[in-house]
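Reading through the structure tokens given below for one structure.
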Amino acid sequence: MAHGRRARLKRAIGGTGEAHEVPPTPETRARLRHDVVLRLHATGRLLASHVAAALEIRTVTEAVGRGMFPTSGFGMGGGVPLQRRTGRDFLDRMTAAERLMWERRYLPWTRALALQIAAALPPVRWLQLVHDIVVDNARIRDIERRYGLRHGAAADYLRQALEIYGR
Numbered sequence: 003m004a005h006g007r008r009a010r011l012k013r014a015i016g017g018t019g020e021a022h023e024v025p026p027t028p029e030t031r032a033r034l035r036h037d038v039v040l041r042l043h044a045t046g047r048l049l050a051s052h053v054a055a056a057l058e059i060r061t062v063t064e065a066v067g068r069g070m071f072p073t074s075g076f077g078m079g080g081g082v083p084l085q086r087r088t089g090r091d092f093l094d095r096m097t098a099a100e101r102l103m104w105e106r107r108y109l110p111w112t113r114a115l116a117l118q119i120a121a122a123l124p125p126v127r128w129l130q131l132v133h134d135i136v137v138d139n140a141r142i143r144d145i146e147r148r149y150g151l152r153h154g155a156a157a158d159y160l161r162q163a164l165e166i167y168g169r
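The number in this note's numbering is simply the position in the sequence shown, starting from 1, with 2 added.
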């Protein structure tokens, strides 16, 4: 019988001291659905170039988001005090490739799409619709229902936006 601290704690709270896997809840299982962009590609509604553009948009969005939140200095720098972060923090935390994608493709693309209206009621920016699908992995039908679009319109908007990004 194990005599370690962890084993004693588990026995005290009614466990056996051995790790076991707990199955996901129905809510968690519902969130773990397939990638919408890859599913659209598999059904022939998006080309490989569209998928590449969508993956690049995700990469850049993740890189920008990574720079927006504080990081822990614990365990970093080998005991050397960390330098104070500057106001350009999110750019400093991007790799050279991510920064190049952000500057050359993502920024001009967002400027072009941010002013375009995709749905009139309520007014929905084209950029928001694309981010809902590409970044948040929202299903096409959910987007069409949310924004009052006709069947198939969200996929058309997505395809056009990814073509603009790929230019």
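Where a beta carbon is used, it is the ideal one built from N, C-alpha and C, also for glycine.
Beta-carbon spacing of Q66, I135 below 9 Å: According to the sequence displayed, residue 66 carries Val and not Gln. In this structure, I135 does not lie closer than 9 Å to V66 by Cβ.
Proximity to F92 [Cα-Cα], best of E105, I119, R68, T45: R68
Touch test, the segment 41 to 53 against the segment 94 to 108, Cβ-Cβ under 8 Å, three pairs minimum: no
Distance, D144 Cα to E29 Cα: 17 Å
T27 to R141 span [Cα, whole Å]: 21 Å
Cβ neighbours of G81 in the same chain (closer than 6 Å, five flanking residues each side left out): For G81, the pLDDT reaches just 49, beneath the cut-off of 50, and the residue's location in the model is therefore unreliable, leaving the point undetermined.
First through last residue of the alpha helix (DSSP H) which encompasses R152: Here R152 belongs to no alpha helix (DSSP H), and DSSP marks it neither H nor E.
For V137 and D23, the rounded distance between their alpha carbons: With the sequence shown as reference, residue 23 is identified as Glu, and Asp is not the correct amino acid for it. Rounded to whole angstroms, E23 to V137 spans 29 Å at the Cα level.
Exposed unless 16 or more other CB atoms sit within 10 angstroms - verdict on I119: exposed
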